[in-house]
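First the structure, in the form of structure tokens, and then the observations on it.
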Amino acid sequence: MATPVHRRAVRLGAVATGAALIATALLATPAVAAPPRTVDPFHPDFGANVTVYSPDTPVAQIRTELDALNAQQVDAEMSTARKAVYFLPGQYGTAADPLQIKVGYYTEIAGLGASPDDVTVNGGLEVYNRCLADGGTSNCLALVNFWRTISNMHVAVAKAGQDGCRQSANFWAVSQAVSMRRLDITGANVSLMDYCTAGPQYASGGFIADSRLPFVVSGSQQQWLTRNSEVAGWSNGVWNQVFSGVVGAPSDANFPAEPYTTIGRTPISREKPYLYVDADGRYNVRVPAAQRDSSGVSWSDGATAGRSIPITDFFIAKPGDSVQEINNALSRGQNLILTPGIYDIAKTITVKHPDTVVLGMGHATLTAVGGAVPLEIKDNSGVVVAGVTIDAGTALSPVLLRVGNPNGGKKLDANDPITLSDVYFRVGGPHIGKATTALEVNADDVLIDHIWVWRGDHGVEGFDPNDGVNGDNQRWATNTGTNGVIVNGDNVTATGLFVEHFQKYNTLWNGDNGRVILYQNELPYDPPTQADWTQPNGALGYPGYKVGDNVKTHRLDGAGVYVFNQNNPSILTANGFEAPQNPGVQLHHIMTVNLSAGTVQHVVNGVGGQADNTNTGTPQFVVNYPAP
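In this note's numbering, each number is its position in the sequence shown, counted from 1, plus 93.
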């Protein structure tokens with residue numbers, strides 16, 4: 094987005110001495126910064142893409158409007174629509190007349206209570222399979238059910254009017270870039286796959302945090318992270334089910350026969366900020382405090398520990414606002430809310446004050462223009478960026494989000510980390526995208542809590558489908574994403590790191606004392622030739638996860654690297670993981686999987702079985718590296 098053109102006031106002056114013209118001057122008056130926007134604390138203006146319901150709204154009206162929203166968004170995978178729907182404290186629906194909500198693409202559904210139990214929906218919050226063939230009757234799966242959010246409410250599952258299968262659970266059949274946070278679900282099971290729709294019923298990944306859940310059926314879910322929650326029980330799982338700080342989590346004693354990785358307490362965590370309305374009706378944003386060695390939900394004994402920021406301390410941005418306006422607000426010390434929509438970013442949004450909160454609503458999306466870096470966080474403790482999607486643009490950006498000074502910065506507060514929650518990155522998909530690196534972390538003591546960093550393996554860019562497989566030859570040369578995540582800072586923790594399809598390193602971790610809990614990666618589908626997927630030193634391919642050669646300490650728990658070289662199935666990758674061979678670097682419960690095309694010769698550093706077409710879908714596991 095271009096910054097506003099300063100109007101220049103021009104005055105012509107002429108002073109004559111005798112008959113001679115002495116001078117003509119052009120005088121420009123400087124632009125005056127716009128005053129801060131006023132925000133009504135009781136009725137903040139979030140724009141046309143946000144809907145707020147109250148318990149007084151007729152259930153029939155809510156149902157009609159949300160059914161229409163789902164019909165608009167259920168297949169809108171590459172659209173520009175962004176929507177957020179909020180519920181004020183109270184009861185919605187009844188067991189006899191339930192409110193059953195389906196959640197489509199780029200949709201956020203959330204309660205506005207201080208506690209999840211302040212908002213009760215009697216009904217369901219659900220995602221079903223999409224059926225992609227034969228007029229919507231076959232090839233039913235959840236593999237591309239991306240980009241949706243539910244949070245901060247009690248769902249008393251009530252399925253009156255639905256058939257017996259649908260009444261058996263609240264269905265949340267999703268894959269990447271989805272989050273379920275601060276939910277209390279009662280009344281039926283939760284299913285992370287849709288077993289009521291005709292097969293194949295595949296689902297491929299997601300994230301739960303700070304939630305109290307009934308029995309959970311994981312079913313066909315290939316990988317999943319549940320963090321700091323409570324579950325009444327858990328069944329199934331395909332390759333990689335990870336639990337951290339979860340009361341009731343299954344034991345991992347039978348790994349890999351049972352694909353569970355269980356960590357009793359989360360080493361460091363911070364829950365995502367959330368909007369709420371206080372007892373006087375004023376809007377606020379609650380910013381949870383960081384916790385160490387924690388388990389269970391943050392709200393079990395009262396309010397989530399942290400601080401509340403009144404909505405009047407936020408600049409509420411809307412698509413069309415200039416970056417200059419946003420940066421002026423951040424420079425004044427305001428926090429930032431990005432309301433739903435697409436923001437074209439031709440100049441970096443810079444966060445340079447400690448404890449600043451940047452909160453996206455309804456998957457607000459920053460799109461790079463002209464090779465810009467859309468977002469940069471300076472070296473300051475306590476900055477939180479949450480609920481924001483960052484897209485590469487058609488001109489090459491060096492990075493999409495930079496955290497900290499590349500040349501080394503000041504020491505930050507380890508107990509108040511810079512935090513990224515539900516931050517998603519795309520290179521390609523809705524349009525051509527180009528980025529050298531998606532996320533670059535230079536600061537120490539950063540917490541990454543659920544991100545998806547995606548170089549698109551499919552989209553609507555308009556490639557010739559006959560060039561390679563589905564246009565992949567053009568994709569490889571045009572949607573260029575060199576590296577997904579590069580971590581240079583020390584003491585960086587990631588809980589839920591999903592990175593896919595980049596052309597060199599998906600993840601390169603150079604900092605010391607890194608900790609990652611659940612890592613999911615697919616190597617790029619589209620290298621045209623082996624030469625395109627060979628390192629300058631002759632090594633075959635790039636590992637999906639690389640710990641830098643000089644790293645002394647690192648811990649990875651629960652990780653998978655998958656290969657699907659559909660463009661050229663003969664391509665070889667030497668290792669799914671690479672790491673220095675020293676006792677301070679430990680990889681626990683890692684694996685590679687062949688998804689039907691391509692070969693990964695070893696799991697890590699020449700250790701572990703080969704994943705190829707002889708064992709498609711069967712993980713090649715290494716329980717511990719180095720072996721004890």
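Ideal Cβ positions, reconstructed from N, Cα and C, are used throughout, including at glycine.
Predicted model, so just to flag it, every value in this text is computed and none were measured.
Q: Put T441 into one of helix, strand or coil per three-state DSSP.
A: coil
_I need the straight-line Cα distance from T213 to R156, nearest angstrom please._
15 Å
Exercise. From the DSSP output, in three-state form, read off A113 for me.
Key: Any reading at A113 needs caution, since the residue's pLDDT is 37, under 50, leaving its predicted position unreliable; the model's value is listed next. In this structure, A113 counts as strand in the three-state DSSP scheme.
- Query: With distances taken between CB atoms, is the gap from T685 to A704 smaller than 9 Å?
  - Reply: yes
So, under 8 Å CB-CB, A439 and A465 are touching, yes? Tell me the CB distance rounded to an integer number of Å. 5 Å
Same chain, Cβ closer than 8 Å to V462, neighbours up to 5 away in sequence not counted:
M94, D437, I438, A439, G486, A488
Open item on the list: With H, G and I counted as helix, E and B as strand and the rest as coil, what does DSSP make of S261?
Closed with: helix
Note to self: Once the 5 residues before and after K195 are set aside, which same chain residues still bring their CB inside 6 Å of it?
What the structure shows: N163, E219
Check your understanding: Are the beta-carbon atoms belonging to H682 and D345 less than 9 Å from one another?
Key -> yes
Inset, instruction - For A632, count neighbouring Cβ atoms within 10 angstroms of its own Cβ and tell me buried if that reaches 16, exposed if not. - result: exposed
With 16 as the cutoff for other CB atoms within 10 Å, does T61 come out buried or exposed? A query on residue 61 cannot be resolved here, the shown segment of the chain reaching from 94 to 721 and no further.
Exercise. What residues match up with L162 in a beta bridge as DSSP calls it?
Worked result: According to DSSP, which records beta bridges pairwise, L162 is partnered with nothing at all.
With the cut-off set at 9 Å, would you say E201 and V237 are in Cβ contact? no
Pick helix, strand or coil for P123, following the three-state DSSP scheme.
Note on P123: pLDDT 45, under 50, position unreliable in the model; the coordinate value appears next. Coil, per DSSP.
Below 6 Å CB to CB, which residues in the same chain sit around Y353 once its five sequence neighbours on both sides are set aside? Q334, P343, D345
Between V339, M246, G217, which has its C-alpha nearest V283's C-alpha?
G217
Suppose you measure from the CA of K411 to the CA of D138; what does that come to, to the nearest Å?
10 Å
_With the cut-off set at 9 Å, would you say S362 and G338 are in Cβ contact?_
yes
(Q) For the ligand ADP, is there any heavy atom lying closer than 8 Å to the beta carbon of G634? (A) Annotation note on the ligand ADP: not contained in the displayed structure, which lists no ligands.
- Task: Starting from the Cα of A249, find the closest Cα among M171, Q260, G140 and give me that residue.
- Result: Q260
Would you tell me roughly how many angstroms separate the C-alpha atoms of G497 and N428, rounded to the nearest one? 18 Å
TODO: Kindly give me the distance between the Cβ atoms of A262 and A291, rounded to whole angstroms, as I take these residues to be in contact under 8 Å.
DONE: No, A262 and A291 are not in contact; Cβ-Cβ is about 17 Å, not under 8 Å.
message: Short of 7 Å in beta carbon distance, which residues of its chain neighbour Q294, apart from the five on each side in sequence? Order them along the chain.
response: N222, C233, L234, M286, D287, Y288, S313
Specify the secondary structure class of A422 as computed by DSSP and reduced to three states.
helix
Practice problem: Pull up the DSSP beta-bridge partners for Q314, would you. | Solution: A296
I'd like to confirm the pairing. Which residues does DSSP put opposite T573 in its beta bridges?
K527
Between which two residues does the beta strand (DSSP E) holding C224 run?
223-226
| Distance between N614 and G577 (C-alpha atoms, nearest Å) | 10 Å
Query - Helix, strand or coil at W547 [DSSP, three-state] - result: strand
Rounded to whole angstroms, what's the CA-CA distance from N584 to E593? Just pull it up for me. 23 Å
| task | For P123, collect the residues of the same chain with a Cβ closer than 6 Å to its Cβ; drop the 5 residues on either side in sequence, then sort them by chain order. | result | Low confidence applies to P123: its pLDDT is 45, below 50, so where it sits in the model is not reliable, and the reading given next is rough at best. Answer for P123: no residue qualifies.
- Task: Sort A479, S244, K597, G607 by Cα distance to N535 and report the nearest one.
- Result: G607
Is the CB-CB distance between H647 and Q679 below 9 Å?
yes
- request: With a 10 Å radius around its C-beta and 16 neighbouring C-beta atoms as the bar for buried, classify V553 as buried or exposed.
  value: exposed
Checklist entry - Is it right to say R274 is buried, meaning 16 or more other beta carbons lie within 10 angstroms of its own, or is it exposed? => result buried
#### Entry: Bridge-paired residues (DSSP) for S387
T359
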